[in-house]
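Below: one structure, written as structure tokens.
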Amino acid sequence: MTAFSTIIVGGGPGGLGPLIAAAQQGALEDWLDRGVALVERGDRLGGSLGRFGIASDSLGGSYLECLEAPQLSAPLRPLRDHPIAREMELHRHGFPPLELVDRWMGLLGRALAAMIEDHPASRLYRRTTATGVRLQADGSVTVGIERDGESRTLAAPAAVLALGGRQSWRERPLAPGMDLAGCRLRHIMPSDRLLERDGLAEADSILRAARGRKVLILGGSHSAYAAAWAVLQLPGAARLGAGQIEILQRRPPVVFYPDVRAAAADLYPVRPGDVCPRTGRVHRMGGLRGFGRDMWRQISGRPGTAAEPRAGTRALARLPPGLLQAMLEEAALVVVCFGYGSVTLPVHDAAGERLALAADDGLPAVGEACRLALRDGRTLDRLFGIGLGTGYRLPARMGGEPNFDGQANSLWLYQNDIGATVHREALALARTPIAPAPAIAVAAE
0 MTAFSTIIVG GGPGGLGPLI AAAQQGALED WLDRGVALVE RGDRLGGSLG
50 RFGIASDSLG GSYLECLEAP QLSAPLRPLR DHPIAREMEL HRHGFPPLEL
100 VDRWMGLLGR ALAAMIEDHP ASRLYRRTTA TGVRLQADGS VTVGIERDGE
150 SRTLAAPAAV LALGGRQSWR ERPLAPGMDL AGCRLRHIMP SDRLLERDGL
200 AEADSILRAA RGRKVLILGG SHSAYAAAWA VLQLPGAARL GAGQIEILQR
250 RPPVVFYPDV RAAAADLYPV RPGDVCPRTG RVHRMGGLRG FGRDMWRQIS
300 GRPGTAAEPR AGTRALARLP PGLLQAMLEE AALVVVCFGY GSVTLPVHDA
350 AGERLALAAD DGLPAVGEAC RLALRDGRTL DRLFGIGLGT GYRLPARMGG
400 EPNFDGQANS LWLYQNDIGA TVHREALALA RTPIAPAPAI AVAAE
């Protein structure tokens, strides 16, 4: 068994977030000297955003900020002059393609990998799968890993799970007694599949053969409007007629604006709880951004926009189940945009009983300070979750509009406030002598 101060499972944007947050404070080298194990199932750190054929919904400047910190760890400072950084600089006030964001994250990933490998107490496990977590009787955490058929166990005072998100939609009810699993659909894609390069190519073929059949997009979040925008950019969309793309949403989306004045100029009503007290931005966390926001502005006829007659919206609740099912089964393509839940690993207590995680029921995966949540609402002191689908609710000190009730899925937050929280809490556990953990009485899975 190999012991570390912290184990991080997942080398995507979420898993790298606490490392980058520590680096911005000049504290990463100290953490690595204490021993950090990073477990990544692939060869590459930084995730796989390059598979998507769309642009980011964050400005290029938000990606560059992590290298602009005055206390930045010295090994990362040369990246400021890297050609990829100069290319990202061209998008500082715009929305960079995710292909560029992917190369940017790969650049950061390579630099962080080199730092880990330069610290003997730390270890990077590439092409390695985490198989499960166990809470030990002495208060420590162990993570089982496997590579090329060989298994071993890592131990630490704390572990961070950054496993990514998953889209669960087949059995999700659309209306009383009705779900997608019971519909005979011609073509269906979840939004993450549609927005991949291969998915967009497939969607283009479907559009070319659609004739008068509709493209129905289920959901009213950024993914839904980004999907509508992406479909309309395809060559096959030239054949679509008026209203042939419909976004079926439970409620209208909220929209991001840099300030209240900009919202007023766009004839967008703002309530006091819509404004982030830290930044003055309207719907800072929950609002549509980027090309999804542009799509909404066109559909809703905002000032200065060109009308887009091919796309429209409809309230899902106003459709009788029979009509809704008929529409779905007649559609050329159904795109599902129901958001993400957290991928999970089996977690067992010291007696070997599997613990019931909140995320396995579709509930927020984490609670206060990003600690992993159980089904009964309690959290695990030494296990943390970060990244897409975890459902973290921002505390007031991190800002965000008071009315925001969604998930804080933001790469900037992973590298700043949320990542800093995980780093601080995990490091505090590493500095504290391990004491026997109390028994956890919960229902087993």
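If you count the sequence shown from 1, position 349 lands on 348 in numbering that gives the first Met the number 0, and the numbers rise without skipping.
Cβ coordinates follow ideal geometry from the N, Cα and C atoms, glycine included.
From N408 to I417, what distance separates their C-alpha atoms?
By 1-based counting over the sequence shown, the position of residue 408 is 409. By 1-based counting over the sequence shown, the position of residue 417 is 418. So the two alpha carbons sit approximately 10 angstroms from each other.
Can you give me the start and stop residues for the beta strand (DSSP E) that V445 sits inside?
A question about residue 445 goes unanswered here, because the residues of the chain that appear run from 0 up to 444.
When burial is assigned at 16 or more other CB atoms within 10 Å of the CB, is D360 buried or exposed?
Looking up residue 360 in the sequence shown gives position 361. Counting Cβ neighbours within 10 Å, D360 comes out exposed, since fewer than 16 surround it.
Measure the CB-CB distance between I246 and A225 and report whether it falls below 8 angstroms.
Locating residue 246 in the sequence shown gives position 247, where the first residue counts as 1. Locating residue 225 in the sequence shown gives position 226, where the first residue counts as 1. Taking 8 angstroms as the cut-off, the beta carbon of I246 is found no closer than this to the beta carbon of A225.
In three-state DSSP terms, what is T431?
For the purposes of this step, residue 431 is taken as the residue at position 432 of the sequence shown. T431: coil per DSSP, three-state reduction.
From this set, E28, G25, L37, G399, which residue's C-alpha is nearest G11's C-alpha?
Counted from its first residue, the sequence shown places residue 11 at position 12. Measuring C-alpha to C-alpha distances from G11 to each of E28, G25, L37, G399 identifies L37 as the nearest.
Do you know offhand how far E329's Cα is from L322's?
Here residue 329 corresponds to residue number 330 of the sequence shown, with the count starting at 1. Here residue 322 corresponds to residue number 323 of the sequence shown, with the count starting at 1. A direct Cα-to-Cα measurement between E329 and L322 gives close to 10 angstroms.
Less than 8 angstroms between the beta carbons of M284 and E400, yes or no?
The residue labelled residue 284 in the question sits at position 285 within the sequence shown. The residue labelled residue 400 in the question sits at position 401 within the sequence shown. Yes. Within cutoff.
For W445 and M188, I'd like the C-alpha separation in whole angstroms.
Coverage of the chain is limited to positions 0 through 444, which leaves residue 445 absent and any answer about it impossible.
Beta bridge counterpart(s) of I246 as assigned by DSSP:
For the purposes of this step, residue 246 is taken as the residue at position 247 of the sequence shown. Answer is I216, T312.
Span of the beta strand (DSSP E) holding G384?
For the purposes of this step, residue 384 is identified with residue 385 of the sequence shown, where counting begins at 1. Where G384 is concerned, the enclosing beta strand (DSSP E) stretches over 378–384.
What three-state label does DSSP hand V335 in the structure shown?
As a position in the sequence shown, residue 335 is number 336, starting the count at 1. DSSP places V335 in strand when its eight states are reduced to three.
Hey, R288 and H221 are a contact pair by Cβ (cut 8 angstroms); roughly how many whole angstroms apart?
Looking up residue 288 in the sequence shown gives position 289. Looking up residue 221 in the sequence shown gives position 222. About 7 angstroms separates the beta carbons of R288 and H221, which is inside the 8 angstroms limit, making them a contact pair.
Return the CA-CA distance between A129 and L107, expressed in angstroms with no decimal places.
Within the sequence shown, the letter at position 130 stands for residue 129. Within the sequence shown, the letter at position 108 stands for residue 107. For A129 and L107, the distance between alpha carbons rounds to 23 angstroms.
When you compare each of P394, E28, P82 to A120 by their alpha carbons, which one comes out closest?
In the sequence shown, the residue the question calls residue 120 occupies position 121. Closest option to A120, Cα to Cα, is E28.
Check for me: the alpha helix (DSSP H) holding R151 runs from which residue to which?
One-based indexing of the sequence shown puts residue 151 at position 152. According to the DSSP assignment, R151 belongs to no alpha helix (DSSP H) but to the beta strand (DSSP E) extending over 149–155.
Contact between the segment 51–58 and the segment 17–26 is defined here as three or more beta-carbon pairs at a separation below 8 angstroms; is this criterion met?
No, the segment 51–58 does not touch the segment 17–26.
Looking at the secondary structure, which residues open and close the alpha helix (DSSP H) in which Y124 lies?
Translated into positions along the sequence shown, residue 124 becomes position 125. Where Y124 is concerned, there is no enclosing alpha helix (DSSP H), although the beta strand (DSSP E) it sits in stretches over 122–124.
Can you give me the C-alpha to C-alpha distance between R126 and G16, rounded to a whole angstrom?
Here residue 126 refers to the residue found at position 127 of the sequence shown. Here residue 16 refers to the residue found at position 17 of the sequence shown. If I take the Cα positions, the gap works out to 20 angstroms.
Below 8 angstroms on the Cβ atoms is my contact criterion, and I expect V142 with L134 to pass it. Report the Cβ-Cβ distance as a whole number of Å.
For this step, residue 142 is matched to residue 143 along the sequence shown. For this step, residue 134 is matched to residue 135 along the sequence shown. Incorrect: roughly 11 angstroms between the Cβ atoms, too far for contact.
Out of G93, D32, A310, which one is the CA nearest neighbour of Y62?
Here residue 62 refers to the residue found at position 63 when the sequence shown is read from its first residue. The candidate whose alpha carbon is nearest that of Y62 is G93.
Span separating the alpha-carbon of A331 from that of P252
Looking up residue 331 in the sequence shown gives position 332. Looking up residue 252 in the sequence shown gives position 253. Straight across, the Cα-Cα distance linking A331 with P252 is about 25 angstroms.
For chain C, check one thing: does any of its Cβ atoms lie closer than 8 angstroms to the Cβ of D273?
Given the protein chain composition of this structure (a single chain), no chain C is represented.
If distances are taken between C-alpha atoms only, which option among G34, G13, G25, G14 comes closest to S4?
The residue labelled residue 4 in the question sits at position 5 within the sequence shown. Nearest Cα to S4 within the set G34, G13, G25, G14: G34.
Go to M114, then tell me how far its beta strand (DSSP E) extends in each direction, as first and last residue.
As a working note, residue 114 is residue 115 in the sequence shown. Counting along the chain, M114 falls outside any beta strand (DSSP E), though it belongs to the alpha helix (DSSP H) covering 97–116.
Bridge partners - I7, DSSP secondary structure assignment
As a first step, residue 7 is located in the sequence shown; it is residue number 8 there, counting from the start. DSSP output for I7 lists L37, V159 as bridge partner(s).
Specify, as a first and last residue, the run of the beta strand (DSSP E) that R370 falls within.
As a position in the sequence shown, residue 370 is number 371, starting the count at 1. If you look at R370, you'll find it in the beta strand (DSSP E) that goes 370–372.
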